[in-house]
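For this note's numbering, add 918 to where a residue sits in the sequence shown, where the first one is 1. All residues carry an ideal CB built from backbone N, CA and C; glycine is no exception. Heads up: the structure comes next, in C-alpha cells.
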Amino acid sequence: MALRIGDTAPNFEIETTQGKVNFHDWAKGSWVFFFSHPADYTPVCTTEMGRTAKLAPEFAKRNVKPLGLSTDTVEQHKGWINDINDTQETILEFPIVADKERKVAELYDMIHPNEDQNATIRSVFIVDPSHKIRLTMTYPMTVGRNFDEILRVIDALQTTDAQEVACPADWRPGDDVIIRPTVSNEDAKTKFPQGWKELRPYLRFTQIEK
Ligand code: BEZ
C-alpha cells in the first residue's frame, strides 16, 4: 500500500554516494527531503539535482537534509554528479541512494508501472525529525519539480508545528496565518495576544513572527 501522510517513513539500509546509510540513523534529529528521479544522465533530473545542490544553505537553515534516489549504481551516480556540477555550476554535497535492486523504490512505491515499467518517477517525501511523513508529492517524468514550493511547504509545516495555526492558500513566510478552528476565542486571547481579524467564526487571520 502507498505510504501516507502521518505514516512512519520506513527505515532502510543502502549504499549511497556517501557510503552506507541507515535512513533513520542518518536522518536523526533532522527533517528530510527524500526524492526520487527517473535515472542518471537525464536532462530534467540534472537540473533538479543542480537546484537541490544550490539550495543547500536554504535546506540547512531549515534543518533539512536532502536525499536523492534512482535505480542506478554508486559509480553511475558519481560520474553523473561531475556532469551536474559542471553543467549546473554547483557542488553537489548531499547523498544519492544507489537503488539498483529497486528495494527502496518498491518500499516507497516510487515506481508507477503505467508511467514507466522500470524507472522511479519523481516522488517527494518530506519527513520530520520523528521520522513521520508530513508531505508526499508525485510528479511525472517530463516535469521538473518546483523547489520554491518545496521550501514553502517546509516553512509552512514548521510554522504550523510551532503554533496552533494553519496556512492559507499561497501562504508565504510573513503572510497572515489562520487560527485553527479548534482554538476557541477565549483561548485565542492568550495564544494570540496580538489579536486577529475575524471574517467568519471559523476564519480568523492573525499575524505571527516570521
Ligand atoms: C528526465 O529526467 O530528464 C526525463 C526522464 C524521463 C523522460 C523525460 C525526461
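Item, Value
"So who's on the other strand from Leu1131, going by DSSP bridges?", "Summary: the structure shown does not reach residue 1131, with the chain confined to residues 919 through 1128, and so no result is reported for it."
"Is Met1059 a contact residue of the ligand BEZ, with contact defined as CB to any heavy atom under 7 Å?", "yes"
"Start and end of the beta strand (DSSP E) containing Phe1043?", "Arg1040 to Val1045"
"With respect to 7 Å, is the separation between the Cβ of Pro961 and the closest non-hydrogen atom of the ligand GDP below this value?", "Among the ligands present in this structure, namely the ligand BEZ, the ligand GDP is not found."
"Residues in its own chain within less than 8 Å of Thr991 by CB, not counting five upstream and five downstream?", "Ala1016 and Lys1018"
"Under 7 Å from any heavy atom of the ligand BEZ, does the C-beta of His955 make it?", "yes"
"So, at 6 Å on beta carbons, what are the nonlocal neighbours of Pro1086 in its own chain, with the 5 sequence-adjacent residues on each side left out?", "Ile1096"
"Report the residue from Glu976, Gly968, His995 and His955 whose alpha carbon sits nearest the alpha carbon of Gln936.", "His995"
"Suppose only complete runs of 3+ residues qualify. What are the beta strand (DSSP E) ranges in the stretch 1021-1076, listed by chain order?", "1040-1045 and 1051-1057"
"Could you name the residues that DSSP lists as bridge partners for Val1095?", "Thr1124"
"Tell me whether Leu973 is buried or exposed, calling it buried when 16 or more other Cβ atoms sit within 10 Å of its Cβ.", "buried"
"In terms of alpha-carbon separation, which member of Val1045, Thr934, Pro1031 and Pro1047 lies closest to Pro1058?", "Pro1031"
"Would Thr965 and Pro1013 qualify as a contact pair, given that the criterion is a beta-carbon distance under 8 Å?", "no"
"Ile932 lies in the beta strand (DSSP E); which residues open and close that run?", "Glu931 to Thr934"
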